[in-house]
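Note sheet for the following structure.
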Amino acid sequence: MFHFIDRRQNPKHKSIGNRQRFMRRARVRIKEVVEKSIKDRKLTDIANGEEIAIPTKGIDEPHFRHASDGGRRERVFPGNKTFRPGDTIEKPEGGGKGKGGKEGSDNGEGEDEFRFALTREEFLDLFFEDLELPDLVKTTLREVVTYKMRRTGHTATGTPTNINVLRTMCKSLGRRLALGRPKNDEILALENEIAALDGKAEPSADELSRLEALRETLKGLLRRRRWVPYIDPVDIRYNNFAPKPEPNTKAVMICLMDVSGSMGEREKDLAKRFFILLHLFLNRRYKQTDVVFIRHTHVAQEVDEDTFFYSQETGGTVVSTALVEMLKVVRDRYPTSEWNIYGAQASDGENHAGDTDKCTAMLAQEIMPLCQYYAYIEILDERETEIFRSMQNGAALWQAYRTVADAWSNFAMKRIAKPGDIYPVFRELFAKQSDKVAVRL
Amino acid sequence: MTETQGKREPLFEGSEWTFDKLRRTYAAIEDIALNDLGLEVYTNQIEIISSEQMLDAYSSIGMPLMYQHWSFGKQFLREENMYRKGFTGLAYEIVINSNPCISYNMEENTMAIQALVMAHAAFGHNHFFRNNHLFRQWTDADGILEYLQFAKGYIAKCEERCGPAAVEEVLDAAHALMDHGVFRHRRPTRLSKQEQVDREKERVRYEERNFQDIWRTVPTNGNGDDVKDKTADADPEKVCTLNLPEENLLYFIEKNSPILETWQREILRIVRNIAQYFYPQKQTKVMNEGCATFVHYYIMNRLYDDGLLTEGAMLEILHSHSNVVFQPDFDDKRFSGVNPYALGLAMMQDIKRICTEPTEEDRTWFPEIAGNNDWRGTLKDAWANYRDESFIQQFLSPHLIRKLKLFLCVDEAEERHVMVDSIHDEQGYKAVRSALARNYDLALIEPDVQVVAVDMSGDRCLRLRHTVHDGVHISEKGRNGVIAHLRRLWGYDVDLIGVDRDTGEKLYEVSTAKSAAA
């Protein structure tokens with residue numbers, strides 16, 4: 000007796016639960032490693048999971064095991080070549096003694112770190128943990144909302160697809176009881192009795208009169224049954240649905256990037272890295288989020304993702320053109336009644352003389368009232384970091400934007416000088432609201 | 000020799016397998032296994048799985064059902080990483096000591112390998128599981144899957160009720176003590192799943208009824224014993240009621256811990272029962288693999304001789320076989336200890352040789368079996384009645400010691416050199432053989448730690464004694480970790496004393512109380 004069973008179609012990933020348990024347990028350490036890894040990796044690679052090594056502390060499994068040294072040990076080895084009894088072999092590598100055998104580490108666990116690979120999902124989840132778009136629900140426009148149908152009790156009218164069978168049958172049963180609908184059993188019994196009497200060859204007078212009476216009753220019952228139907232239209236109940244207001248969560252992120260001549264390769268690279276991170280974050284966490292890419296030199300242009308990240312462009316710098324373009328996009332496609340608007344701008348802080356005032360005016364008067372949140376990232380030259388260490392100092396644009404930041408609490412500005420800065424700055428900008436003190440009302 | 004007996008067609012050609020070929024091949028293998036070798040096996044249930052499922056199986060210690068724990072996830076990640084990077088291949092099969100005997104065969108195996116694997120697992124291991132006395136006495140092949148089902152359900156229920164963190168804490172601690180959660184001498188009782196459930200209920204009822212009787216915190220005058228013994232370890236009666244000394248630490252904690260709740264005790268039982276189930280496998284690595292390898296080697300050769308295997312298939316099988324039984328020399332880069340497959344197979348083939356073509360030497364060393372011409376019976380007897388240590392002690396022949404060029408080294412910590420004590424010569428055979436046997440003695444491989452005393456009326460400190468053999472201590476990191484876990488289960492301080500086996504001298508003492516103070 001034997002049987003073969005093809006298990007290949009059985010569900011895989013039986014150990015996914017165990018894997019999650021492990022991740023939960025090692026979470027803190029894994030997270031540390033993941034965050035550190037951002038410094039060593041190209042941002043475009045982030046999206047592919049990676050192999051990481053975490054310290055075994057906290058995930059080790061202790062056992063009583065013999066130590067690998069000390070005491071007297073006897074071991075038998077195969078493959079003797081020239082040894083005679085009484086020969087001595089130099090420790091530690093002189094003979095077969097070197098490699099520790101069974102007393103050594105079990106499954107390489109004695110190592111200080113544990114290496115394994117994270118999947119892309121796990122990596123990104125950890126990476127963007129505790130980040131969110133601030134003020135996702137429009138506070139000022141809460142009454143302008145979208146609607147979603149929700150179950151709300153039962154009604155007597157509706158479409159057949161919504162019939163609630165249980166309710167309907169309850170009603171029907173109550174009505175049948177109240178109006179005294181004859182039961183099937185009752186009628187069946189009567190019919191049987193009639194049939195029995197009918198079948199008699201020579202019925203007596205008594206029986207004949209009884210038969211007559213029974214027939215009368217049966218007729219009455221049948222009539223009654225017709226009057227009181229099993230299910231009447233008045234019994235039927237429908238599930239009721241009513242529109243329920245839902246807070247608005249549609250969001251659009253507008254990315255503005257300076258690609259003018261003053262932005263060198265390094266600056267552009269940093270800005271792009273920042274936007275890649277932002278893009279990845281939005282894709283990962285907000286399925287419904289639109290992203291608009293606008294790049295500008297002395298003219299601004301809305302472009303697609305590929306052009307934004309990969310194409311080369313050069314020219315003068317007029318920042319306000321990008322803001323104008325942004326306003327145009329918002330007015331054309333993203334009415335504020337339906338959309339939460341977010342802005343992220345990256346620049347080296349240089350601007351055409353005289354344009355800066357125009358920018359601040361536009362931001363303060365037109366853009367900020369529309370936006371839930373606006374982040375400005377200034378890409379610094381590494382030499383400049385020394386000079387511009389404090390918030391007070393900065394290029395023309397930085398100085399001007401500070402007045403906007405003072406007036407609007409949902410305007411944030413940060414500086415980035417090297418790749419290592421990107422992730423911390425990003426975290427600061429998008430830390431969960433509950434962590435921040437100031438919540439706009 | 001292919002076509003000399005070529006009256007029969009090969010069972011299969013090419014490397015692709017189909018269920019039809021598998022069935023045909025299985026039947027041919029079964030014929031040899033049962034009628035020629037005379038094996039007795041459980042009904043086979045052979046399941047074909049994919050490589051991912053194999054990885055899953057790896058991480059639940061090879062069992063088809065297992066409760067959930069993060070350490071299995073860690074194991075999975077490690078295996079997966081090794082596999083992805085190509086450091087290790089996956090096993091061709093996994094076989095489970097259950098009735099019916101379940102073996103998992105990999106989908107990726109070629110037909111030749113499937114044949115090899117069926118002979119190896121479905122007959123070799125299966126026969127060993129069914130007949131070896133350790134497995135017969137200590138494991139319950141009929142009930143194991145049911146029990147695992149129960150364990151999985153029970154632990155999931157505990158997680159639901161008490162939260163995964165609380166369950167994890169108990170499991171962590173229980174796993175740390177798993178190696179010391181087996182009865183080495185007493186035989187455990189067998190229970191079916193229903194009996195388990197019943198017993199658990201009964202236990203709960205009992206403990207509810209006798210709540211304060213389990214651990215009296217206040218000594219009463221009515222019970223004279225409790226008052227007078229201030230030092231419980233000195234009181235023989237007290238030691239007697241707790242059945243001390245106790246080598247099964249998990250059992251002791253489960254029965255006597257002052258702080259555990261019923262479900263926590265049940266979890267300890269589950270871990271303990273699983274440890275007990277695997278205990279025979281740990282003691283029979285050489286024999287189990289040797290038996291399976293011997294059986295597959297014999298059957299494959301018979302199939303080939305009968306013309307049932309093509310030359311190509313046989314070459315592939317031999318290639319795989321010689322990889323498995325490869326034994327590098329001690330000075331080889333690849334050396335990592337004695338290969339149990341190689342040693343087991345070599346010894347069993349040697350027994351066959353002694354039975355059929357004994358030399359004078361064999362007749363003096365093995366008068367009972369030399370030349371008895373019944374190598375099948377002799378091997379079956381060995382498979383049934385020995386474990387690694389006794390098997391080597393009994394059957395390792397001078398001929399094989401010479402063939403493997405075994406030699407014995409003694410390593411004293413204070414010496415600057417390792418001494419070659421004995422080699423494969425007349426004076427050395429016995430010493431080499433005994434030493435090799437001892438290398439497989441689980442009682443010597445695992446530290447000997449026992450509960451010796453509990454101060455029940457005082458601070459409830461749990462005293463453990465580690466009997467130190469040959470001055471080999473327990474590695475410190477693991478030791479402290481395990482003691483910390485023990486303390487968590489016991490609820491009070493735990494004390495571990497290392498005592499030399501021969502002199503009785505106290506070598507070291509560690510305590511959770513001291514480490515907390517330090």
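Chains as they are written, first to last, in numbering that gives the first Met the number 0: chain A, 0 to 440; chain B, 0 to 517.
Even for Gly, the Cβ is constructed at its ideal location relative to N, Cα and C.
* Would you mind reading off the limits of the alpha helix (DSSP H) that contains Cys161/B? => Unbroken alpha helix (DSSP H) run through Cys161/B: Ile143 to Cys161.
* To do: From the DSSP output, in three-state form, read off Pro423/A for me.
  => Note: Pro423/A maps to helix in three-state DSSP.
* Asked: With a cut-off of 7 Å, does the C-beta of Pro61/A fall near any C-beta of chain B?
  -> A Cβ of chain B is located within less than 7 Å of the beta carbon of Pro61/A.
* Under 8 Å by Cβ, that's how I've got Phe307/A and Arg294/A pegged, so tell me the actual separation to the nearest angstrom. => With 8 Å as the limit, Phe307/A and Arg294/A qualify as a contact, their Cβ atoms being about 6 Å apart.
* In chain B, what lies closer than 9 Å to Gly70/A by C-beta? -> The contacting residues are Asp410, Glu411, Ala412, Val467, His468, Asp469, Gly470, Val471 and His472.
* Pick helix, strand or coil for Thr292/B, following the three-state DSSP scheme. => Collapsing the DSSP output to three states places Thr292/B in a helix.
* Exposure label - Cys370/A; buried when at least 16 CB within 10 Å -> With 16 or more Cβ atoms within 10 Å of its Cβ, Cys370/A is classed as buried.
* **Beta-carbon proximity check, Met105/B vs Tyr82/B, cutoff 7 Å** => Taking 7 Å as the Cβ cut-off, Met105/B and Tyr82/B do not qualify as a contacting pair.
* Asked: Measuring CA to CA, which of Leu54/B, His416/B, Arg22/B and Ile48/B is closest to Arg7/A?
  -> Answer by Cα proximity: Ile48/B.
* Asked: DSSP on Ser104/A, reduced to helix/strand/coil?
  -> Its pLDDT being 37, under 50, Ser104/A is placed unreliably in this model, and the coordinates cannot settle the point.
* To do: Report the partner residues of Ser346/A according to the DSSP bridge assignment.
  => Ser346/A is bridged by DSSP to Glu377/A.
* Could you pull out every residue in the same chain whose Cβ sits closer than 8 Å to the Cβ of Val417/B, ignoring the five residues on either side in sequence? => Taking C-beta separations shorter than 8 Å and ignoring five residues to either side along the sequence, the partners of Val417/B in its chain run Cys408, Val409 and Asp410, following chain order.
* Pick helix, strand or coil for Ser510/B, following the three-state DSSP scheme. => In the structure shown, Ser510/B sits in a strand (DSSP, three-state: E or B).
* By the 10 Å Cβ neighbour count, where 16 or more other Cβ atoms means buried, how is Val203/B classified, buried or exposed? -> With fewer than 16 Cβ atoms within 10 Å of its Cβ, Val203/B is classed as exposed.
* **Cβ-based burial, Ala250/A [other Cβ within 10 Å; buried from 16]** => That one is buried.
* To do: Spell out whether any CB of chain B is found under 7 Å from the CB atom of Arg64/A.
  => By this cut-off, Arg64/A is an interface position.
* To do: Can you give me, in chain order, the residues of the stretch 2-34 of chain B that have a beta carbon less than 9 Å from any beta carbon in chain A?
  => The stretch 2-34 of chain B vs chain A, Cβ under 9 Å: Phe18, Leu21, Arg22, Tyr25, Ala26 and Glu29.
* Going by CA-CA distance only, name the one from Glu304/A, Ile162/A, Ala299/A and Val403/A that's closest to Pro232/A. => Ranking Glu304/A, Ile162/A, Ala299/A and Val403/A by Cα distance to Pro232/A puts Ile162/A first.
* Asked: Between Gln449/B, Glu158/B and Ser456/B, which lies nearest to Val467/B when the distance is taken from Cα to Cα?
  -> For the residues Gln449/B, Glu158/B and Ser456/B, the minimum Cα distance to Val467/B belongs to Gln449/B.
* Asked: Which ranges would you report for the beta strand (DSSP E) in the stretch 209-270 of chain A if only whole runs of at least 3 residues count?
  -> Counting whole runs of 3 or more residues, the stretch 209-270 of chain A contains the beta strand (DSSP E) stretches 237-245 and 250-257.
* Inter-residue Cα distance where the pair is Ser259/A and Leu379/A -> Taking the straight line from one Cα to the other gives about 15 Å.
* Could you check if Phe325/B is buried or exposed, using at least 16 other CB atoms within 10 Å of its CB as the buried criterion? => Exposed.
* Asked: Between Pro327/B and Asn79/A, what straight-line distance do the alpha-carbon atoms span, to the nearest angstrom?
  -> So the alpha carbons of these two residues sit roughly 11 Å apart.
* Asked: So, is Asn321/B buried or exposed, given that buried needs 16 or more other C-beta atoms within 10 angstroms?
  -> Strictly speaking, residue 321/B in this sequence is Ser, with Asn absent from that position. With fewer than 16 Cβ atoms within 10 Å of its Cβ, Ser321/B is classed as exposed.
* Asked: So is Leu122/B buried or exposed if we call it buried at 16+ other beta carbons inside 10 Å?
  -> Looking at the sequence shown, residue 122/B is not Leu but Phe. With 16 or more other Cβ atoms inside 10 Å of its own Cβ, Phe122/B counts as buried.
* Are the C-beta of Pro339/B and some C-beta of chain A separated by less than 7 Å? -> Chain A contact via Cβ: absent.
* To do: Within 10 angstroms of the Cβ of His12/A, are there 16 or more other Cβ atoms? Answer buried if so, exposed if not.
  => Its Cβ having fewer than 16 others within 10 Å, His12/A is exposed.
* Can you find a CB in chain B that lies within less than 7 Å of the CB of Pro334/A? -> Cβ-Cβ to chain B under 7 Å: no for Pro334/A.
* Could you tell me whether the Cβ atoms of Ile350/B and Asp361/B are closer together than 7 Å? => 7 Å or more divides the Cβ of Ile350/B from the Cβ of Asp361/B.
* Asked: Taking Cβ-Cβ distances shorter than 8 Å, what residues in chain A pair up with Asn80/B?
  -> The contacting residues are Glu50, Arg114, Phe115 and Ala116.
* Asked: Does DSSP put Thr42/B in a helix, in a strand, or in coil?
  -> Of the three classes helix, strand and coil, the one that applies to Thr42/B here is coil, per DSSP.
* Using a Cβ-Cβ cut-off of 7 Å (strictly less than) and excluding sequence neighbours within five positions of Arg224/A, which residues of its own chain qualify? -> Correct list, in chain order: Arg180 and Pro181.
* **chain B residues whose Cβ lies nearer than 9 Å to that of Thr87/A** => What Thr87/A touches in chain B: Glu414, Arg415, His416, Val417, Met418 and Val419.
* Using the C-alpha atoms, what's the distance from Gln67/B back to Asn287/B? -> Taking the straight line from one Cα to the other gives about 28 Å.
* To the nearest angstrom, how far is it from the Cα of Pro366/B to the Cα of Glu475/B? -> In this structure, the CA atom of Pro366/B is about 48 Å from the CA atom of Glu475/B.
* To do: Give the C-beta separation of Leu396/A and Met361/A to the nearest angstrom, bearing in mind that I take them to be a contact with Cβ-Cβ under 8 Å.
  => That pair is no contact at about 13 Å.
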